[in-house]
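One line per chain: the protein sequences are W and V, in this order. All residue numbers for the first sequence refer to the working numbering, where the first residue is 13 and numbers rise by one. All residue numbers for the second sequence refer to the working numbering, where the first residue is 374 and numbers rise by one. The beta-carbon is built from N, C-alpha and C at its ideal position, and this holds for glycine as well.
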Amino acid sequence: MASTDRLIICEHCDCVYERVELAKHQKALCLRCGAVLQRHNGLDVQQRLALSLTAAILWMFANFYPVMSISLQGLHNSATLWDSVRALATGPITFIALVAAIAIIIAPMFQLLLLLWVLVHALGRRRSPAFSLCMRWLETLRPWSMLEVCLLGSMVAVFKLAGLLDVLPGLGLIALAALSLLMIRLAGRDIRDLWVYLS
Amino acid sequence: MSEDSNHSAAQPARPAVQTRRFSVSLVWIVPIVAVLVGISLVVHNWLQEGPSIQVTFKTGQGLEANKTAVKYRNVVIGQVSEVELSQDQKSVTATIKLVKQAENFTRQDSLFWVVRPRIGAGGVTGIDTLFSGDFIGADAGQSDTRAKTFTGLETPPPITYGEPGKRFNLHASDLGSLGVGSPVYYRKIQVGQVVSYALDANGKGVNVEVFVHAPNDAFVTDNTRFWNASGVDVEVGANGFALRTESLSSLMVGGVAFRAPDYSPDDQPAAEDKTFELFDDRPAALAPPAGKAQYLALRFDQSLRGLKVGAPVEFLGMEFGRVVAINLDFDAKTRTFPVNVGIVIYPQRLGQAHTKMLKVLNHNPDDEQAGVRLMGTFIDNGLRAQARSGNLLTGQLYIALDFYPKAPKVTFDPTARPITIPTIPSSLEQLQEQFQAMVEKINKLPIERIAGNLDANLVELRKALKQFNGKTLPGIEGTLQDMSTTLKSANATLADDSPQREQLSQTLDDLGRMTRSMRELADYLKRNPESLLRGRPDNAPADALQPSSRQ
């Protein structure tokens, strides 16, 4: 058991290597396929927790402040993320609304909750209750969290509408941008380090 | 640690290394900043959040939650956050979230209305809402009390509170063709409009509120008269036919015009909310102020056919009142039907006469007793009322107050209310009476006796004539015959061949010869006066005997 803890397997070609300690700016590459095996993680648990907390706050901003507002000849409208989901729900493609809600609201929310749960306990160097379940779910949720896609879509909408209407990016869009960047950093594959860290 | 201190003294003691159990990384600044930003935003929003009010409208047309804005001077001061039916389902309640700066709009008399495109008498408004969608217009009130619920107006108020100008109240007996938005004219220029109208509390008139824009509101003075300028004013007078109207639009939507009389000294701009009377037309408005009305009662013992309520009352030919009531009465004492006529007079309309009289008599118009006494003296001096015919063709009557010093004295009852002025019959009536008196006198003549006498006289005359015929006429006949013979003989005497005539001409010839010789003698004597003494000389030439006329 102890010996397997020290081993890592290349995701792409299944080569087995021994784990190495990496310094700053270093990364471990697979000898056979050249894929990245390991990357130096500059963040300790505390920093991760702080950033997760920030991300949680940003998530709230992104959901409660309008992503963008448009106005045309005095006709004014603004929408939050939740408004967009609701708009989809009233249309003929209600199912898409569910997917959208999962992808841009629910999945990131659960990711953040799980992260906070795990990291708060990791601060005291112990595994949280249901640690393995949480870690598994974090992996499962990652492909469903599509904040970047939403961000890109929103920005495309802003740019495209800018010629036709008066478009004002709202506070929500900025929060969304920051949140999606943070999510890439926090909820990425690096979270696997916790297995080793807490073993 | 106690173990460490018990180590051998040879070795330097190892210091106690204490690991900080909980090191705080700088990275915590990030979430703290995020939290601070969040808190600041929330606080900012909370501070920005103004009051929330509810406005009820009859319909929710054009109102959308989170979309319909509330605007004042085209600046957004709030947003409709909710639109729902009221509990009794008779109206729509819109919940409006106002911004912080718009707290003035919660004053109790604030107004809210939905701005939509409208076509009215005054033009087309709200065109821009065709594109932007309806919005709620608001106008902050002035009241000190705040309210949470308001009733939205169905039509925009014509004048908003901030508009410079003044509001005035007009009181009229009816509205005429006025409406909200009807123009107000001053010298035919539109300077304001009718803002609202309502019935009197007792329903006996209409109160019309007008707004006159600054700076023209200064022309509304204390002496200003308002009149209804609706419609066309046609006047046919001695100068011909006159047609007056304020403007074409006032023909359709009515209008109010105002003006001060040309002679209005010490005129001050009127205060806001002053109440004026709204006259029916311009002549009535510009007539001298009526002043305090006085009710008088008249009692006529004659038929007053042709006297109508509203007929004029004139004092020495000046119109200064009108008839307000005509009632038939029954006099139990004399068993007659007199007519009670009530008149209202406005002594102030007499103008200068009235003011001078007040001054001279030192009379206070508000002192009722003194007024009654004054009326008593007038009646003692012969003040009487008379129903006169104003128009012989139509028989319209009017009441004339005049002084008849010869009128029979009447006792004046100063305690009776209303004051009663004695009447005298009308001139036509008087004429009738005189005629009647004459007929009565004629009736009284002893026509029968006169006829009897006349008859006797005629008999006598007849007798006399008979005598004349029988006796005198034959005598006259004889006389006439004698006269005829006399004339005949005279005729014969004067005939050409009568000897008397012959003799007469001979005599005349002799007389002529004699005259000639007399002249010759006289001539001779003039030349030879001595012959008177000596006689005719013998040698006297023959020509000396020639008549002097031949020389």
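Just so you know, the alpha carbons of K814 of chain V and N737 of chain V end up roughly 52 Å apart. In chain order, I69, M72 and F73 make up the part of chain W whose C-beta sits under 8 Å from the C-beta of G411 of chain V. Selection V:V453, V:P778, V:F751 and V:G683 evaluated against L770 of chain V yields V:G683 as nearest (Cα-Cα). Beta-carbon to beta-carbon, R480 of chain V and D646 of chain V are separated by about 18 Å, too far to satisfy the 8 Å threshold. Pairing F76 of chain W with T92 of chain W gives a Cβ-Cβ distance under 8 Å.
Just measuring C-alpha positions, the residue of V:G885, V:Q675 and V:G843 sitting nearest A760 of chain V is V:Q675. Within chain W, no residue has its CB atom less than 8 Å from the CB of V579 of chain V, the nearest being about 39 Å off. Here I492 of chain V is exposed, its C-beta having fewer than 16 other C-beta atoms within 10 Å. Its Cα nearest to that of K665 of chain V, the residue V:E741 stands out among V:E741, V:L616, V:R708 and V:T648. Annotation for H586 of chain V: the continuous beta strand (DSSP E) segment containing it runs V579 to H586. Contact of W600 of chain V with chain W is not assigned, every C-beta pair being separated by 8 Å or more. Contact annotation: W71 of chain W and L191 of chain W have beta-carbon atoms nearer than 8 Å. Apart from the 5 residues on each side of it in sequence, R655 of chain V sits with its Cβ closer than 6 Å to the Cβ of W600 in its chain, given in chain order.
Residues of the same chain with a CB within less than 8 Å of the CB of V208 of chain W, apart from the 5 flanking positions on each side, are D17 and R31 in chain order.
In this structure the segment 580 to 587 of chain V lies against the segment 526 to 546 of chain V, because at least three pairs of beta carbons, one per stretch, are closer than 8 Å.
In its own chain, leaving out the 5 sequence neighbours on each side, no residue places its CB closer than 8 Å to the CB of I820 of chain V. Residues of chain W with a Cβ closer than 9 Å to the Cβ of V629 of chain V do not exist; the shortest Cβ-Cβ separation is about 36 Å.
Here the segment 193 to 207 of chain W lies against the segment 140 to 155 of chain W, with 3 or more beta-carbon pairs under 8 Å apart. The beta carbon of W486 of chain V sits no closer than 8 Å to any beta carbon of chain W.
When DSSP states are grouped into helix, strand and coil, S799 of chain V belongs to the coil group.
Of the other Cβ atoms in all chains shown, 16 or more fall within 10 Å of the Cβ of P120 of chain W; this residue is therefore buried. The beta carbon of V472 of chain V sits closer than 7 Å to the beta carbons of Q421, G423, I450 and G451 from its chain, once the five residues preceding and following it are set aside; these are given in chain order. In this structure, the CA atom of V783 of chain V is about 27 Å from the CA atom of K681 of chain V.
Listed along the chain, the chain V residues whose CB falls inside 7 Å of the CB of Q59 of chain W are S398 and V400.
Per DSSP, reduced to three states, the secondary structure at I500 of chain V is coil, with no helix or strand assignment.
Proximity of the segment 33 to 50 of chain W to the segment 184 to 198 of chain W falls short of the contact definition, fewer than three beta-carbon pairs being nearer than 8 Å. By the criterion of a C-beta distance shorter than 8 Å, Q123 of chain W is surrounded in its chain by L150, L153, R154, S157, M195 and A199, once the five residues flanking it on both sides are discounted. For the pair A773 of chain V and L701 of chain V, the Cα-to-Cα distance works out to about 20 Å. Look at A62 of chain W: its C-beta is under 8 Å from a C-beta on chain V.
Listed along chain W, the residues sitting closer than 7 Å to A407 of chain V by beta-carbon distance are T66, I69 and L70. Taking a Cβ-Cβ threshold of 7 Å, the residues of chain W close to P404 of chain V are A62, L65, T66 and I69, in chain order. In the three-state reduction of the DSSP assignment, A670 of chain V falls in the strand class. Proximity to P634 of chain V across V:A658, V:A643, V:G628 and V:F649 peaks at V:A658, based on C-alpha coordinates. Under DSSP, the beta-bridge partners assigned to W600 of chain V are V:A630 and V:F652. Assigned with DSSP and collapsed to three states, Y209 of chain W falls in helix. G628 of chain V is classed as buried because its beta carbon has at least 16 other beta carbons within 10 Å across all chains shown.
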